[in-house]
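As structure tokens, the structure follows; a few thoughts come after it.
Structure below.
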């Protein structure tokens, strides 16, 4: 392991966001902010032993910051305490606070790397707050979609039954969605965030759940930073290539780089929604290509 790790907290409103900082042993080449998806936390990107995309990029010379969204991971308070939190708060408060914090710390542009729902929230934040765009060098998404239109037995079970029906019932009963305890995900979700997420997955309009802000219209008016979308061959529900491409079109991101991670396209593994970030062979496959691309952007 060629980097050092430690945790600290960023106060936002009446809560604190946990951030895991992974720093190289020399002056960093660039700055990376990693944003996780639903029913997970920042650990999707890193481990104490240095494994994961966050550890890999830190070993390659980047200053990497893996955030836990409010109520998740080690952020305080946790959703299981009764703490509630909405999508709009993430979009309008938390993501801007994280980007601005890193810009103040390093005085350079930030590379955003997001998994799944984190990519949707990051896009929405940049649409709603275009003043952040000059602070962002690139936006990279792994399996990010807004609507789930693909139909299959797996989708009906995981999304229609568990997420859309059982999730709200459990959240109403407990005050939050106890996904971790029930082994339905890596972390729990605040009740309001779950409800907002379900609305976006099922509704056609890309508008804010709280005040009706039109993200699709705003996306057509901004100039996106450098973009790269990854999809996985075995990601058949949570980041299906068709749904990812629909999100790219909706957000005006058709110019983005697009990589399908599967053996038929030259990858070492037919990856799935999680393994494209956690598989041991990723460090020989797409991780080096991403690191070189980020270095090229910094040199440019």
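Numbering (our numbering), first residue to last: 65 to 364. No residue lacks a Cβ here, since even glycine has one placed at the ideal position from N, Cα and C.
Quick check: the Cα distance between residue 232 and residue 289, rounded to an integer number of angstroms?
Inter-residue distance for residue 232 and residue 289 is about 36 Å (C-alpha atoms, whole angstroms).
Between the C-alpha atoms of residue 103 and residue 340, what's the straight-line distance to the nearest angstrom?
Roughly 17 Å between the two C-alpha positions.
Is residue 360 buried or exposed, if buried means 16 or more other CB atoms sit within 10 Å of its CB?
So residue 360 counts as exposed.
On the criterion of 16 or more Cβ atoms from any shown chain inside 10 Å, does residue 134 qualify as buried, or is it exposed?
By the 16-neighbour rule on beta-carbons within 10 angstroms, residue 134 is buried.
Return the chain-ordered list of same chain residues with a C-beta closer than 6 Å to the C-beta of residue 167, the five sequence neighbours on each side being excluded.
Cβ-Cβ distances below 6 Å link residue 167 to 199 in the same chain, with the five nearest sequence neighbours on each side left out; the list follows chain order.
Any chain D beta carbon closer than 8 Å to residue 65:
Among the chains in the structure shown there is no chain D, since it carries only a single protein chain.
Report the rounded CA-to-CA distance for residue 308 versus residue 190, giving the unit in angstroms.
Residue 308 and residue 190: Cα-Cα distance of roughly 18 Å.
From residue 165 to residue 186, what does the alpha carbon distance come to, in whole angstroms?
If you take the alpha carbons of residue 165 and residue 186, they lie about 15 Å apart.
In angstroms, rounded to a whole number, what distance separates the CA positions of residue 330 and residue 324?
When rounded, the distance between both Cα atoms is 9 Å.
Residue environment, residue 201, which counts as buried when at least 16 other CB atoms sit within 10 Å:
Answer is buried; the Cβ neighbour count reaches 16.
How about residue 180 and residue 302: do their beta carbons lie closer than 8 Å?
Between residue 180 and residue 302, the CB-CB gap stays under 8 Å.
Beta carbon of residue 241 nearer than 8 Å to that of residue 250:
Using a Cβ distance threshold of 8 Å, residue 241 and residue 250 do not count as a contacting pair.
Should the region 137-156 be called in touch with the region 116-123, which here means at least 3 C-beta pairs below 8 Å?
The region 137-156, when compared against the region 116-123, does not touch it at the 8 Å Cβ threshold.
Is the distance from the Cβ of residue 105 to the Cβ of residue 146 below 8 Å?
No, they are not a contact pair.
Residue(s) in a DSSP beta bridge with residue 75
Beta-bridge analysis with DSSP links residue 75 to 80.
Does the beta-carbon of residue 276 have 16 or more other beta-carbons within 10 angstroms, so that it is buried, or is it exposed?
Residue 276 should be labelled exposed.
How about residue 183 and residue 295: do their beta carbons lie closer than 8 Å?
In this structure, residue 183 lies away from residue 295, with their beta-carbon atoms at least 8 Å apart.
Start and end of the beta strand (DSSP E) containing residue 322?
Per DSSP, residue 322 belongs to the beta strand (DSSP E) from 321-325.
Would you list the one or two residues that DSSP bridges to residue 97?
In DSSP, residue 97 forms a bridge with 129, 176.
Do you know how far the Cα of residue 279 is from the Cα of residue 196?
The C-alpha of residue 279 is placed about 15 Å away from the C-alpha of residue 196.
From what residue to what residue does the alpha helix (DSSP H) around residue 189 run?
Residues 181-192.
The alpha helix (DSSP H) that contains residue 143, what's its start and end?
Counting along the chain, no alpha helix (DSSP H) covers residue 143, and no H or E run does either.
For residue 82, which residues in the same chain have their Cβ closer than 7 Å to its Cβ, ignoring the five residues on either side in sequence?
If we look at residue 82 and ignore the five residues flanking it on each side, its Cβ neighbours are 71, 73, 132, 137, 138, 139.
Tell me which residues share the same chain as residue 222 and place their Cβ nearer than 7 Å to its Cβ, disregarding the 5 neighbours each side in the sequence.
Cβ neighbours of residue 222 beyond the five flanking positions: 301.
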